[in-house]
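Residue numbers (our numbering): 57 to 585.
Quick notes on the structure that follows.
Laid out in structure tokens, this is it:
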């Protein structure tokens, strides 16, 4: 108690408060003028360390010395009857009040004036090119990435279920107005990785991370989920859900609702609006559907065949399962893009599925989009330019409702470039997709193709190398790199990339024809034969 009174008498507390408030104002000012002064990154850290050291020195000085009319003296040399510490204390009080007033004015100006002066276009202009995936989109709205839920069941065969839970949550959350959700491909790129929350958020350009685990035992499941604020690691919300397995659909909706509330339902405008979780209550159909999604995401020749079988099984168990129906349509289109199925076969199998979906749900955005893609697939001399333009315009109207659907996005870009020769608009569309899904190999691959078509060959190679890094087993990436080298009249390099593509592709693929073509161009007719 005596020590406390002595600290108070010597104004140690006042000096500490005055120093802390003044240092805070100084640091805020440094934040404003730092760019103008072109301070190096370590400069701000050095100033902070010096201020911290100075704080303790100021406290020691206030204890050991005293301000007198004759100047600064050691405290032990000052006669208590002559001490002016009370007057000094009042001066320090006035100083603290003055600095606090400056701090309040600064905060008000920063909130109501400086922020309003920021040009939104200027804030987005600093985003690096879309193919350089390390850039972060400036936060204009709440944003979240859903990391793959960890399978804690002790059975690797249940992996499809934990991944399916993640995928469904992604789909449900993406329907919340005002919430930006990182796409599936980019979120799943971190599956099994040891990256920190901050690194993941920076790579995907989001402010929050939703992660969790899934455990299945007999007829019960236990799901844990937690929402983390990326900039400081703060757990905004966490919850455990232990229910019968048949309640998995309700659990998914509960998690989405709880996440929306944690992010601020009024801000998101979710307000209890009905959300589409999954269009079946048949657990066996749902499991087949999830297994199909797992194989479709692998996107290999064999996996697409397996995915098709799983989706058909899901529909056999629940003919009204809309998600499985449209996933099967998507699978046919993916098989066409890889050369596994011809145009006539794809159209004959997929068109009836789309027609059935639209008959049941006329306003289904995805069904309409896939139907237009099929129409574009068969468009030819019988379709006027006006008709094709109408299809493309309609797809662009629908895209904001399904922004992470890269099959639709690529379809629009291909038509803009191939039919209307509007490469710049097509490139911008793909770049916009990469801001949402920066780790999507197909977007990088098609961006590389479009760059090559307008002789931006260095950018084409960079995009294609990124595509290869993300999907090294996809033969299409190697084949596209061959196209880039052909555009640069580099036949030996094109031949080598085509050979690597052939090594990744099934034996019946038409890449052998491409190799023969390049050999003939090189004058190696015998090898070409």
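Glycine is no exception: its CB is placed at the ideal position from the N, C-alpha and C atoms.
Burial state of residue i (16 or more Cβ within 10 Å)
{"i": "residue 386", "result": "buried"}
{"i": "residue 105", "result": "exposed"}
{"i": "residue 287", "result": "exposed"}
{"i": "residue 291", "result": "exposed"}
{"i": "residue 322", "result": "Model confidence at residue 322 stands at a pLDDT of 46, short of 50, so the residue's coordinates are unreliable; what they give is reported in the following sentence. Burial call: exposed."}
{"i": "residue 354", "result": "exposed"}
{"i": "residue 379", "result": "buried"}
{"i": "residue 340", "result": "exposed"}
{"i": "residue 461", "result": "buried"}
{"i": "residue 374", "result": "buried"}
{"i": "residue 559", "result": "exposed"}
{"i": "residue 58", "result": "exposed"}
{"i": "residue 298", "result": "exposed"}
{"i": "residue 218", "result": "buried"}
{"i": "residue 344", "result": "buried"}
{"i": "residue 102", "result": "exposed"}
{"i": "residue 499", "result": "buried"}
{"i": "residue 108", "result": "exposed"}
{"i": "residue 525", "result": "exposed"}
{"i": "residue 364", "result": "buried"}
{"i": "residue 318", "result": "buried"}
{"i": "residue 61", "result": "exposed"}
Sub-8 Å separation of residue i and residue j beta-carbons
{"i": "residue 369", "j": "residue 362", "result": "no"}
{"i": "residue 201", "j": "residue 238", "result": "yes"}
{"i": "residue 152", "j": "residue 73", "result": "yes"}
{"i": "residue 458", "j": "residue 422", "result": "yes"}
{"i": "residue 71", "j": "residue 114", "result": "yes"}
{"i": "residue 338", "j": "residue 272", "result": "no"}
{"i": "residue 426", "j": "residue 444", "result": "no"}
{"i": "residue 259", "j": "residue 494", "result": "yes"}
{"i": "residue 491", "j": "residue 465", "result": "no"}
{"i": "residue 75", "j": "residue 117", "result": "no"}
{"i": "residue 356", "j": "residue 529", "result": "yes"}
{"i": "residue 263", "j": "residue 199", "result": "yes"}
{"i": "residue 412", "j": "residue 433", "result": "no"}
{"i": "residue 429", "j": "residue 467", "result": "yes"}
{"i": "residue 335", "j": "residue 377", "result": "yes"}
{"i": "residue 347", "j": "residue 216", "result": "yes"}
{"i": "residue 383", "j": "residue 349", "result": "yes"}
{"i": "residue 513", "j": "residue 544", "result": "yes"}
Close-in-space but distant-in-sequence residues of the same chain around residue i (CB under 6 Å, 5 per side omitted)
{"i": "residue 549", "result": "541"}
{"i": "residue 473", "result": "479, 482, 506"}
{"i": "residue 325", "result": "Since pLDDT at residue 325 reaches only 49, below the 50 mark, its modelled position is unreliable, and the value read off the structure follows with that caveat. Contacts found: 233, 234."}
{"i": "residue 537", "result": "520, 553"}
{"i": "residue 221", "result": "205, 270"}
{"i": "residue 123", "result": "144"}
{"i": "residue 556", "result": "534"}
{"i": "residue 582", "result": "none"}
Proximal residues to residue i (C-beta, below 7 Å), its chain only, five neighbours per side dropped
{"i": "residue 246", "result": "203, 256"}
{"i": "residue 312", "result": "225, 228, 229, 331"}
{"i": "residue 253", "result": "265, 284, 286, 289"}
{"i": "residue 397", "result": "388, 391"}
{"i": "residue 448", "result": "468, 471, 472"}
{"i": "residue 314", "result": "293, 295"}
{"i": "residue 310", "result": "297"}
{"i": "residue 539", "result": "505, 508"}
{"i": "residue 300", "result": "275, 276"}
{"i": "residue 207", "result": "214, 215, 218, 270"}
{"i": "residue 302", "result": "339"}
Anticipated Cβ contact below 8 Å, residue i with residue j, distance rounded
{"i": "residue 407", "j": "residue 414", "result": "So it is not a contact: roughly 11 Å between Cβ atoms."}
{"i": "residue 155", "j": "residue 81", "result": "6 Å"}
{"i": "residue 527", "j": "residue 508", "result": "Their Cβ separation, rounded to whole angstroms, is 18 Å, which puts residue 527 and residue 508 out of contact at 8 Å."}
{"i": "residue 501", "j": "residue 532", "result": "6 Å"}
{"i": "residue 240", "j": "residue 223", "result": "6 Å"}
{"i": "residue 424", "j": "residue 454", "result": "6 Å"}
8 Å Cβ shell around residue i - same chain, five flanking residues per side excluded
{"i": "residue 211", "result": "272"}
{"i": "residue 243", "result": "201, 202, 203, 204, 222, 226, 260"}
{"i": "residue 77", "result": "152, 155, 156, 159"}
{"i": "residue 403", "result": "430, 433, 434"}
Scan the stretch 472-540 and note each continuous alpha helix (DSSP H) run of 4 residues or more that stays entirely inside, going in chain order.
479-492, 497-509, 513-526
Quick one: complete alpha helix (DSSP H) runs, 4+ long, within the stretch 349-399?
357-373, 378-394
Run through the stretch 230-288 for me and flag every whole beta strand (DSSP E) of 3 or more residues, listed as ranges in chain order.
264-273, 276-285
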